[in-house]
Every structure is written in structure tokens, then in C-alpha cells.
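Asker: Numbering of the sequence shown is given in the numbering used here, commencing with residue 535 and proceeding in unit increments. Think of the CB as a built atom: it goes at the ideal place given N, C-alpha and C, for glycine as much as any other residue. Quick caveat, the model's predicted, so the values are computed rather than measured. Below are the C-alpha cells for one structure; questions will follow.
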Amino acid sequence: MDQSVINPTEATPVQAPRKSLNLFDGALVWPAMLDACKKLHPRTQLRSPVMFVVYVGSIITTLLWFQALAGHGETSAGFILATAVWLWFTVLFANFAEALAEGRSKAQAASLRNLRQTVTAKKLEAPKHGEPWQACPSGDLRKGMFFLAEAGDVIPVDGEVVDGVASVDESAITGESAPVIRESGGDFGSVTGGTRVLSDWLVVQVSANPGETFLDRMIGMVEGASRKKTPNEIALTILLVALTIVFLVVTVTLLPFSLFAVQASGSGAPVTLTALVALLVCLIPTTIGGLLSAIGVAGMSRMLQANVIATSGRAVEAAGDVDVLLMDKTGTITFGNRQASAFLPAPGVTEEELADVAQLASLADETPEGRSIVVLAKNRFNLRERAMESLGAVFVPFTAQTRMSGVDLGERQLRKGAASALRRHMEALGAVWPGDVERSVDEASRRGSTPLVVADGSRVMGVVELKDVVKGGIRERFAELRRMGVKTVMVTGDNKLTAAAIAAEAGVDDFIAEATPEEKLALIRKYQSEGKLVAMTGDGTNDAPALAQADVAVAMNSGTQAAKEAGNMVDLDSNPTKLLEIVEIGKQMLMTRGALTTFSISNDIAKYFAIVPAMFVATYPELKALDVMGLTSPASAIMSAVIFNALIIVVLIPLALRGVRYRAIGAAALLRRNMLIYGLGGLLLPFAGIKLIDMALTALNLT
């Protein structure tokens, strides 16, 4: 073993900052303002057809201003300049919203880049502990190579454990301080570069080449600039383009109509190109057009704030459209660790006597089941933990051979364990196995519980019933999903009796018992053939086929590499219940988009009442009746509408980035709410806003 190399523990991982930047933090705002100017490139503007129309309108009015300066203007140079400036502001504000959203994602990506480091790896020629290792930079490791990671070492790159078991600190990746166990075989054999081994050792096979690690993929996933449009966003863009074309045609036809009207009446003046551009910009859905991209980027950013990495905006959006949730029982619906729920005493034994013996036999049992027995005895009968040292206690650990554990107190032998193991123990002592205890064991098993038999010497004290405990509040969350039209399905390997009991208690809509990987895959395909979107979680290699098939596939970071590659999201916390939160974030993004689209379309009405009378009142005085806001002058009316059209984008940026408040309501109820709040609000707010701007312009003598 080469001891002359740099100690691998000298390179310590940088903790990923978990502080969330404020929405208008200076670290985000100033770069976003610079990026907003950079986005004025025509190629960038073409990505949003609606804003490209505003962009072209800004160029036209700017050229008209230069023409006015040369003495050939269609109206005053000051009015044209003011219109051009506010049109440019409209474009810049939309660029700023997108840049601000991208800036938040880039800040998150930067915090992940801080985890990158070059450490000295202990390269092995053969996957065997104890073999001599050779020091090499982590960047020299390639897929298929092997390395050794011992206590205190930083894991240099991603890999799969092929030998050993160790406690690993993954806080640099997940933000969670609790260490996790990584071992060869099973579903917890994947390790991530940048994490640290706390105890023991691991022999790891490299699973990714440089630039292809999980950390590299995470950084790429959160880069908002690389986000592709989702199907719903594309559909909405098509709708916005259609509306833009309609208003463009309408606006273009107004010029010859105006010329004809002036010639026929012999009075008034034809509408100016500046006014037509202002009308077009105000009538097309610029509000949602300017915020649409920011909404999508912000959706991915909110997902990352929940410690979930989404591979694309498509995955986030699909989460909002999910019809069916497939969830594993253990760890998602239940706590995963069976907990003591009842003491079932044998004939002639009180429940408190059974609880006392069971607690004594469990004081050295550090498993969740053992601790739950101690807690249940304490809560039920106020039995406190005893000072075992003063009793001269000798603890008997659980072994796979005896399937029992307990404690010896002098001549007294207290044992607990599986019924079959305790029965053999009793028979070896020459004791009689009580029939009532056997019946308690059978009844607990039929209820889907795990029975543990407790004995004091040759006397059987009774049964401790362990059961899967359904998580608190999970039933209410399933009810919320049901109100939203989402079907919940529990998938478990338990028998049908146990599955039915848990499903009824949790309130899921359906369940599949004794499920195999093939059955999971077939179930997903069945729902998809019915036109439904399916979401599921998984962490094992056997989950990979179903994850690859699901529309929203959330892989656990603690799971295998195969599961993470098959999913389109990775939960860094490895919390299966996160699936519910993911669906809520996806639906919140869709709700935000729907709310702002409703507002954007409805607020055009007020601008129509402001600009159209201003444009044609000289030719048709009767149109003065449409000036319900009583605006000061035609120039003031046009300018007020243009200013409002620009400022409303700035006002709505926080809503676009934070999202509307999530509510578990159905599509019909959501539509009614959007029409009432954002539709009516979008109709009334511009009337007040345009009038206030008009009053301010008049007071400042700017019209």
C-alpha cells in the first residue's frame, strides 16, 4: 500500500448551500438585468412569437422616431419616443422575468458545482478488500474500474458497491445530516461522488466516466437555459400565436379603413403607425407571452427546492397531469418499520405483567420494533426504563439461528421472538405451549400483523402484536388527490389480507397485493392504454422496468443506478412520500399558467376601451362614448395603455416565479375560480390602472 501519497481525507466536500435566495436578491437581480439586455438578440426573441411581435413593434417605432427627428414624422417626436421606450421596456421586462427564473436555477446549479472536487482515489486492480491500492486522481477513474473507500475517505466518483458495508454521510448531496448505510447487493448499493465514508470500508466499481456522473447530470438538469418546451406549453404557444395573428390582421386592416373614413368624411386625421403598433402590442397576449418561459423554469426550480431533481420541464408538467399514483406500501403509506400496537397476554397473565417482561427483554434491542415495545409499555402502563447495570443484566442479542433476543437477570431468562422459535425454546425447557397463545398468534397474523411471543423462563407470558402503522395525515392527502381526480393505487408484496387492511386504513382507491415487477409493468401499461398518465416511485433494480414505463418516475437517490437511470426524477431525500409533493408542485405550475393566461386575455378588454376611441374619435366623435374611463386625451390614452401593458409584467413576476397557491380542487372548480379571480381581476384592474397612469401623466404635464 502506497503511503507516500496525499491523504484522501484532506480533500473535504463542500456542503451544498441550502439557503434559498430571496426573489429579488441583488445576487440574482443584477445578473438578470444584464441577461435581459443580452436576450434582445433577434434569435433569442424568435423563441417567443408573441414577444417577437412586440420586439418588431419596438424597432418600427424607434425608426419612426428617427424619421420624426428628420422632420418627416407622422406625429410629435416626443410621443413616438415615449411609445418606443415603453415598448422596449415591455420586451426587457419579459426578458428580465425569464432571466430571473434562469438565475435562480443557475444559482442552484452553482451550489452543486461546489461539490465537485478532485480527490486522491485508492484504485484497486481487483475488487477485493485487502489488496494493495494505487493512488490516482479521481479524474483518472473510468467506468468499470474499482476503488477502495475507507472510513474518512471522500468517495471520488459514482459507483456500485461490490464488497463491504459502511455508513456514508450524504449531506453534501441531500442536505440531510443522518448517515445512510451502503452495502453490496440489494437496493442500497449505489454511492455518489462527493459523499464521505464515516465507518468501515467499501469496494466500489465505477459506474460513470468523468462528465457523466450523477452530479454532472444534476447540474445539467437544473440549468434553466437548457429547458425544452413541454407539450402543454407548446399547445399554449400555438394558441397565443393564433391570437396574435388574428389581432395582427385586425390591426393591419385598420389603416386602410382609417384612410377611407377620413377621405369620405373630409374630417379628422388617419390613424398613425405608432398608434397601430401600440394597439397591436396591447391587444395581443403579451402578459402571458412574457411570463410563459419564466413559469416553466420556476416550476423546475421549485422542484429542486423540494430536493427533487427533474430531468426536464416535461417531467414537471407531466406530474401536474397525473391521473394515477402507484405507491409502494412500505415507507410511503406506512412507516416501514412495524411497531408494537397491542399486548395480548396468555391465560393467568395480566397485560401489565406481559408489558413489563416485554420491555425488559427489549431494552437492549435497538431495532425500531424493539424501541416501539419499550415506548408502548411506557405509554400504556407508565413503565420506566430500569438501570440494568444494577440488576446484573446480561443481554442476549438476536441471531439468525435462534431468532430470539432478550436478557438474563440472574437465574431469570426473559426472551422474545418469532412464535416458532419460542415454541422450540419452550419445548427444549420441557414447558407446555399454551393453545390460547397459539390462537393469539394466528389472529394477529390474519390481521396482517407480526406476532412476537414473550417468555419468562419456562412461562409463556403472551404476544406482542407488531403492525405496519399508517402515516398520520396520509388519508387526508389521498382524499385531496381524489378531489383532484387522481386515483391512488397501493402496490405491495404483502398477502391480500394484509394489503386490504392497510389499504382500507390509508384510504387508497385500489391496491395490488403480492405484486411482482412484471405485474407492476403490466398495470402501468394498462392504465396508459386507457389514456391516463401514471406516476410511481422506486429504488430497486427490479423497479427499473416500471419506472422506465411510467410517465412520472421518481427514483430514490438511495436506490440502485439502474433505478435512477430509468426515472425522470431523482428524490435526493429518498422519501417515497415525496411523490405526493411532486404532484402538487406539477399541478401548481399548471395552475399558475392557467391563472396568468386567463388574466392576460381578459385584461386586453380595458386596453381596447382606452386605445380604439383615442385612435378614431377625431373621425368618429360618437366613439367618445366608449371612453368610459374619461381619459385626458388620445395621446394620454394610448400612452397609459402602453405603460400599463409593460408594468403589469413586472407586477406579475413574483406570482409567476412563486406560483399561485396550490388548492386540491377539480378542473371545473379551478376554472370557475380562475374566471372569478383572474378573469374578473384581469378585466377590472386595467381600467383602474390605466386611469391612474393617465392621471399621473396629466398631473406631470407629460401628455
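Can you tell me whether Q893 is buried or exposed, with buried defined as 16 or more other CB within 10 angstroms of its CB?
Answerer: If you number the sequence shown from 1, residue 893 lands on position 359. Buried, because 16 or more other Cβ atoms sit within 10 Å of the Cβ of Q893.
Asker: Measure the C-alpha to C-alpha separation of L1234 and I1177 and round it to an integer number of angstroms.
Answerer: The count along the sequence shown starts at 1 and reaches residue 1234 at position 700. The count along the sequence shown starts at 1 and reaches residue 1177 at position 643. The alpha-carbon separation between L1234 and I1177 amounts to approximately 15 Å.
Asker: Spell out the partners DSSP gives L860 in its beta bridges.
Answerer: Within the sequence shown, residue 860 is the residue found at index 326, counting from 1. BP columns for L860 point to V1023, M1070.
Asker: By DSSP's criteria, D697 is part of a beta bridge. Which residues make up the other side?
Answerer: For the purposes of this step, residue 697 is identified with residue 163 of the sequence shown, where counting begins at 1. DSSP output for D697 lists V737 as bridge partner(s).
Asker: Ends of the beta strand (DSSP E) at P879?
Answerer: Position 345 of the sequence shown, counted from the first residue, corresponds to residue 879. The continuous beta strand (DSSP E) containing P879 extends over residues 873 to 879.
Asker: Nearest CA to the CA of K1001: which residue from P744, V975, S718, G727?
Answerer: If you number the sequence shown from 1, residue 1001 lands on position 467. Measuring from the Cα of K1001, the nearest candidate turns out to be V975.
Asker: Would you check if the region 615 to 632 and the region 1171 to 1187 touch, i.e. whether three or more CB-CB distances between them fall below 8 Å?
Answerer: yes
Asker: Does A989 come out as helix, strand or coil in the three-state DSSP assignment?
Answerer: For this step, residue 989 is matched to residue 455 along the sequence shown. In this structure, A989 counts as strand in the three-state DSSP scheme.
Asker: Which residues does DSSP list as the beta-bridge partners of I479?
Answerer: Missing from the structure shown is residue 479; the chain here goes from 535 to 1237 and no further.
Asker: Can you round the beta-carbon distance between Q1243 and G678 to whole angstroms, since I take them to be within the 8 Å contact cut?
Answerer: The structure shown does not extend to residue 1243, since the chain is modelled only from 535 through 1237, so no value can be given for it.
Asker: Identify whether T1153 lies in helix, strand or coil by the three-state DSSP scheme.
Answerer: For this step, residue 1153 is matched to residue 619 along the sequence shown. T1153: coil per DSSP, three-state reduction.
Asker: Between R848 and F680, what straight-line distance do the alpha-carbon atoms span, to the nearest angstrom?
Answerer: Within the sequence shown, the letter at position 314 stands for residue 848. Within the sequence shown, the letter at position 146 stands for residue 680. R848 and F680: Cα-Cα distance of roughly 36 Å.
Asker: Tell me, to the nearest whole angstrom, how far the beta carbon of F584 is from that of L774; I am working on the premise that it is less than 8 Å.
Answerer: What you label residue 584 is simply residue 50 of the sequence shown in a count that begins at 1. What you label residue 774 is simply residue 240 of the sequence shown in a count that begins at 1. Note on residue identity: the sequence assigns Val, not Phe, to residue 584. Yes, V584 and L774 are in contact; Cβ-Cβ is about 5 Å, under 8 Å.
Asker: Using DSSP bridges, identify the partner residues of A1089.
Answerer: Position 555 of the sequence shown holds residue 1089. The partner list for A1089 (beta bridge, DSSP) reads G1072, V1104.
Asker: Can you tell me where the beta strand (DSSP E) holding T654 begins and where it ends?
Answerer: To locate residue 654, count along the sequence shown from 1; it is residue 120. The continuous beta strand (DSSP E) containing T654 extends over residues 654 to 658.
Asker: Consult DSSP for V807 and reduce its assignment to one of helix, strand or coil.
Answerer: Reading the sequence shown from its first residue, position 273 is the one you call residue 807. The residue you asked about is not Val; residue 807 is Leu in the sequence shown. Reduced to three states, the DSSP call for L807 is helix.
Asker: Any contact between the region 875 to 884 and the region 1006 to 1016? By contact I mean 3 or more CB pairs, one from each, below 8 Å.
Answerer: no
Asker: Roughly how many angstroms lie between the CA atoms of A655 and C670, to the nearest whole one?
Answerer: Counting from 1 along the sequence shown, the entry for residue 655 is found at position 121. Counting from 1 along the sequence shown, the entry for residue 670 is found at position 136. Cα to Cα, A655 sits roughly 5 Å from C670.
Asker: Specify whether the region 927 to 940 and the region 885 to 905 touch according to this definition: at least 3 beta carbon pairs, one from each stretch, less than 8 Å apart.
Answerer: yes
Asker: DSSP three-state call for L1181: helix, strand or coil?
Answerer: Along the sequence shown, one-based indexing puts residue 1181 at 647. The answer is helix: DSSP assigns L1181 an H, G or I state.
Asker: In the DSSP assignment, find the unbroken alpha helix (DSSP H) run with W599 in it and report its ends.
Answerer: As a working note, residue 599 is residue 65 in the sequence shown. Start and end: 583 to 603.
Asker: Rounded to the nearest angstrom, what separates P819 and L770 at their Cα positions?
Answerer: Residue 819 sits at position 285 when you count from the first residue of the sequence shown. Residue 770 sits at position 236 when you count from the first residue of the sequence shown. Straight-line Cα distance between these residues: approximately 11 Å.
Asker: How many Å lie between G944 and A927 at the Cα?
Answerer: For the purposes of this step, residue 944 is taken as the residue at position 410 of the sequence shown. For the purposes of this step, residue 927 is taken as the residue at position 393 of the sequence shown. Straight-line Cα distance between these residues: approximately 7 Å.
Asker: Could you give the distance in angstroms between the alpha-carbon of L603 and the alpha-carbon of L1205?
Answerer: As a working mapping, residue 603 is identified with position 69 in the sequence shown. As a working mapping, residue 1205 is identified with position 671 in the sequence shown. Rounded to the nearest angstrom, the two C-alpha atoms are 50 Å apart.
Asker: For S718, tell me which candidate among V737, E636, R581 has the shortest Cα-Cα distance.
Answerer: In the sequence shown, the residue the question calls residue 718 occupies position 184. Comparing Cα-Cα distances from S718 to each of V737, E636, R581, the minimum goes to V737.
Asker: Do you know whose CA, among S582, E608, R581, lies nearest G594's CA?
Answerer: As a working mapping, residue 594 is identified with position 60 in the sequence shown. For the record, residue 594 in the displayed sequence is Ile; it is not Gly. Of the candidates S582, E608, R581, the one whose C-alpha sits nearest the C-alpha of I594 is E608.
Asker: Give me the DSSP bridge partner(s) of F869.
Answerer: By one-based count along the sequence shown, residue 869 stands at place 335. F869 pairs with nothing; no bridge assigned.
Asker: In chain order, what residues of the same chain have a beta carbon less than 6 Å from the beta carbon of A828, not counting five sequence neighbours either side?
Answerer: As a position in the sequence shown, residue 828 is number 294, starting the count at 1. Counting only Cβ-Cβ distances below 6 Å, and skipping sequence neighbours, we find A631, E632, A635, A1190.
Asker: Starting from P819, trace the alpha helix (DSSP H) both ways and give me its first and last residue.
Answerer: Against the sequence shown, residue 819 aligns to sequence position 285. Note, P819: premise wrong, no alpha helix (DSSP H); not H, not E.
Asker: Select from D1043, V994, R1192 the residue whose C-alpha is nearest the C-alpha of E961.
Answerer: Locating residue 961 in the sequence shown gives position 427, counting from the first residue. It is V994 whose Cα lies nearest to the Cα of E961.
Asker: Taking Cβ to Cβ, would you say V1117 is nearer than 8 Å to F1143?
Answerer: Taking the sequence shown and counting its residues from 1, one reaches residue 1117 at position 583. Taking the sequence shown and counting its residues from 1, one reaches residue 1143 at position 609. Contact: no.
Asker: Would the beta-carbon of D703 fall within 8 Å of that of A742?
Answerer: Along the sequence shown, one-based indexing puts residue 703 at 169. Along the sequence shown, one-based indexing puts residue 742 at 208. No.
Asker: Judging by CA-CA distance, which residue of G823, T1166, S801 is the nearest neighbour of I1187?
Answerer: Counting from one through the sequence shown, the residue named residue 1187 turns up at place 653. When only C-alpha atoms are compared, the closest one is G823.
Asker: Measure the Cβ-Cβ separation of V811 and P804 and say whether it is below 8 Å.
Answerer: As a first step, residue 811 must be located in the sequence shown, where it is residue number 277. As a first step, residue 804 must be located in the sequence shown, where it is residue number 270. Contact flag unset, no.
Asker: Which two residues bound the contiguous beta strand (DSSP E) that contains R949?
Answerer: Within the sequence shown, numbered from 1, the residue matching residue 949 stands at position 415. First-last of the beta strand (DSSP E) with R949: 946 to 951.
Asker: Using the C-alpha atoms, what's the distance from G1072 back to V988?
Answerer: As a working mapping, residue 988 is identified with position 454 in the sequence shown. As a working mapping, residue 1072 is identified with position 538 in the sequence shown. Using only the alpha carbons, I get a separation of about 36 Å.
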